[in-house]
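If you're matching them up, the sequences are chains A and B in order. Start counting the first sequence at 1; every next residue gets the next number (the working numbering). Start counting the second sequence at 115; every next residue gets the next number (the working numbering). Structure first, commentary second.
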Amino acid sequence: GNSVTQMEGPVTLSEEAFLTINCTYTATGYPSLFWYVQYPGEGLQLLLKATKADDKGSNKGFEATYRKETTSFHLEKGSVQVSDSAVYFCALLNTQGGSEKLVFGKGTKLTVNP
Amino acid sequence: DAGITQSPRYKITETGRQVTLMCHQTWSHSYMFWYRQDLGHGLRLIYYSAAADITDKGEVPDGYVVSRSKTENFPLTLESATRSQTSVYFCASVDRLTDTQYFGPGTRLTVL
Chain A
1 GNSVTQMEGP VTLSEEAFLT INCTYTATGY PSLFWYVQYP GEGLQLLLKA
51 TKADDKGSNK GFEATYRKET TSFHLEKGSV QVSDSAVYFC ALLNTQGGSE
101 KLVFGKGTKL TVNP
Chain B
115 DAGITQSPRY KITETGRQVT LMCHQTWSHS YMFWYRQDLG HGLRLIYYSA
165 AADITDKGEV PDGYVVSRSK TENFPLTLES ATRSQTSVYF CASVDRLTDT
215 QYFGPGTRLT VL
C-alpha cells in the first residue's frame, strides 16, 4: 500500500538556521509528492509539489527533490524565519485507479525562535 | 468570495446529540474530503466524494454520515456525538488539473 513517514518533531530552530525535515514514502507506480503547511489556527495549504522523479519543488525559499532511488522527498530551507513556525505535512498522491486521495505523514511541528 | 468555507468554526455539543458540519466550495471541484485532526494521529480521512451523489468511506467513517446532493456542498453529520469525536474537522476539495487539495479553515468540535 501507500504510506508516508516523516521525521517526528517537534523541531526547534533559531532564526536563520538551516532546516531539513525528512520524508520517505512507500508506493506502487509513480506517485506525486507534496508538502503542505499548516499555520496556527488555519487549514493546510500547499507549499510545494513534485510530480516525477528528480523534479524539484520550490516555494517561499523551501525546496524538496523527488528522489525515486531513495523514495524520499525531504524538505529544506537554507535560512528559516520566525514566520515559518508551523506544522509541515508530507503527502503522496497515487492516482492509479483514479483516486484523488492524499496519503499524509503525521506532521512535523517547527518552531523558530528569534 | 471564491474558496472553501466551513461552518460553524467552533461547536460545543453534548454526548448523544446530532451535529452537522457544513462545507461549501465555490470552484465546482468534483472531489471533496472530510478529515479529522487529532494530536498523535495527524490527519485521518473520514469520508470523501468523487462527485455529487457519490460518496465513499475513508479510514475512520464510523459514527459519521455524509451526503452530497450538490457539487458545492458536502455536509458531515455526527448522528449521535461521542466524546471521542472531539476533534478539529477539515473539509477539502481537489483541483484535478493540478492535483492540489484546498482546505477549509476547520471546525473545532467539542463533545461534552
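Beta carbons are placed, not taken as given, at the ideal position from N, Cα and C, and that holds for glycine. This structure is a prediction, so every number in the text was calculated from the model and none was measured.
- Between P114/A and V87/A, the beta carbon gap of about 19 Å keeps them out of contact (Cβ cut-off 8 Å).
- At a beta-carbon threshold of 9 Å, the residues of chain B lying near E100/A are S144, Y145, F147, Y162, A164, V208, R210, D213 and Q215, ordered along the chain.
- The CB of L192/B never comes closer than 7 Å to any CB in chain A; the least such distance is about 20 Å.
- Residue environment analysis places R182/B among the buried positions, since at least 16 neighbouring C-beta atoms fall within 10 angstroms of its C-beta.
- The segment 44-112 of chain A is shown to contain no whole alpha helix (DSSP H) run of 4 or more residues.
- K184/B has its alpha-carbon roughly 46 Å from the corresponding atom of L13/A.
- T140/B is not a Cβ neighbour of V133/B, given a cutoff of 8 Å.
- Only those residues of the segment 60-91 of chain A whose C-beta falls short of 8 Å from the nearest C-beta of chain B are listed: F89.
- Listed by position along chain B, the residues whose Cβ is nearer than 7 Å to that of F104/A are G156 and L157.
- Bounds of the beta strand (DSSP E) holding A206/B are S201 to D209.
- In this structure, S201/B sits near L223/B, with a CB-CB distance shorter than 8 Å.
- Within 8 Å of the CB of F204/B, the CB atoms of chain A belong to G43 and L44, in sequence order along the chain.
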